[in-house]
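Structure first, then comments.
Numbering (the working numbering), first residue to last: 7 to 78.
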(Lines of atoms letter the chains of each structure in order from A; the text may use other names.)
(Lines give C-alpha, C1' and ligand atoms only; values in the text may rest on other atoms or scores of the structure.)
Protein backbone atom coordinates (compact mmCIF):
# COMPACT_ATOMS: atom_id res chain seq x y z
CA UNK A 7 0.00 0.00 0.00
CA UNK A 8 1.41 3.37 -1.01
CA UNK A 9 -0.57 5.44 1.49
CA UNK A 10 -3.95 5.93 3.06
CA UNK A 11 -5.74 9.20 2.46
CA UNK A 12 -8.01 10.38 5.26
CA UNK A 13 -10.92 12.77 4.90
CA UNK A 14 -11.55 14.34 8.32
CA UNK A 15 -13.95 17.24 8.84
CA UNK A 16 -13.66 18.16 5.16
CA UNK A 17 -9.85 18.32 5.27
CA UNK A 18 -7.43 15.88 3.69
CA UNK A 19 -4.64 14.04 5.47
CA UNK A 20 -2.59 10.89 4.80
CA UNK A 21 -0.51 8.18 6.41
CA UNK A 22 2.16 6.10 4.72
CA UNK A 23 3.54 2.65 5.34
CA UNK A 24 0.47 1.42 7.22
CA UNK A 25 -2.05 -1.29 6.48
CA UNK A 26 -5.59 0.07 6.12
CA UNK A 27 -7.08 -2.76 8.21
CA UNK A 28 -4.63 -2.11 11.07
CA UNK A 29 -5.36 1.64 10.96
CA UNK A 30 -9.10 0.96 10.94
CA UNK A 31 -8.77 -1.28 14.02
CA UNK A 32 -6.71 1.43 15.77
CA UNK A 33 -9.50 3.95 15.17
CA UNK A 34 -12.19 1.48 16.25
CA UNK A 35 -10.28 0.79 19.48
CA UNK A 36 -10.16 4.50 20.29
CA UNK A 37 -13.88 4.94 19.61
CA UNK A 38 -14.89 1.85 21.61
CA UNK A 39 -12.84 2.99 24.60
CA UNK A 40 -15.19 5.94 25.04
CA UNK A 41 -12.17 8.21 25.61
CA UNK A 42 -10.81 10.66 23.03
CA UNK A 43 -7.62 9.59 21.29
CA UNK A 44 -5.15 11.08 18.85
CA UNK A 45 -4.27 9.73 15.42
CA UNK A 46 -0.93 10.92 14.01
CA UNK A 47 -1.16 11.72 10.29
CA UNK A 48 0.51 13.84 7.61
CA UNK A 49 -0.82 17.11 6.24
CA UNK A 50 0.32 19.02 3.18
CA UNK A 51 1.94 18.37 -0.17
CA UNK A 52 5.62 17.99 -0.95
CA UNK A 53 7.10 17.94 2.55
CA UNK A 54 4.26 16.72 4.75
CA UNK A 55 3.89 18.08 8.25
CA UNK A 56 2.71 16.02 11.20
CA UNK A 57 -0.86 16.60 12.29
CA UNK A 58 -2.88 14.98 15.05
CA UNK A 59 -6.54 14.21 14.58
CA UNK A 60 -8.77 13.95 17.64
CA UNK A 61 -10.81 10.76 17.38
CA UNK A 62 -14.04 10.65 19.40
CA UNK A 63 -17.34 8.79 19.05
CA UNK A 64 -19.38 10.42 16.29
CA UNK A 65 -16.43 11.99 14.45
CA UNK A 66 -16.81 11.56 10.69
CA UNK A 67 -13.78 10.34 8.78
CA UNK A 68 -13.09 8.23 5.72
CA UNK A 69 -10.11 6.00 4.97
CA UNK A 70 -9.17 5.95 1.29
CA UNK A 71 -6.42 3.40 0.53
CA UNK A 72 -4.14 4.29 -2.39
CA UNK A 73 -2.52 1.20 -3.89
CA UNK A 74 1.08 1.16 -5.07
CA UNK A 75 0.69 0.19 -8.73
CA UNK A 76 4.45 0.17 -9.35
CA UNK A 77 4.66 -3.35 -7.89
CA UNK A 78 2.25 -4.81 -10.46
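Every residue, glycine too, gets a C-beta built ideally from N, C-alpha and C.
The alpha carbon of residue 65 has as its nearest neighbour, out of 34, 9, 73, the alpha carbon of 34.
Here the alpha carbons of residue 60 and residue 37 stand approximately 11 Å from one another. Judged by DSSP in its simplified three-state form, residue 13 adopts strand.
Residue 28 counts as exposed, since fewer than 16 other beta carbons sit within 10 angstroms of its beta carbon. The beta carbon of residue 69 is closer than 7 Å to those of 10, 12, 26, 29, 30 in its chain, skipping five residues each way along the sequence.
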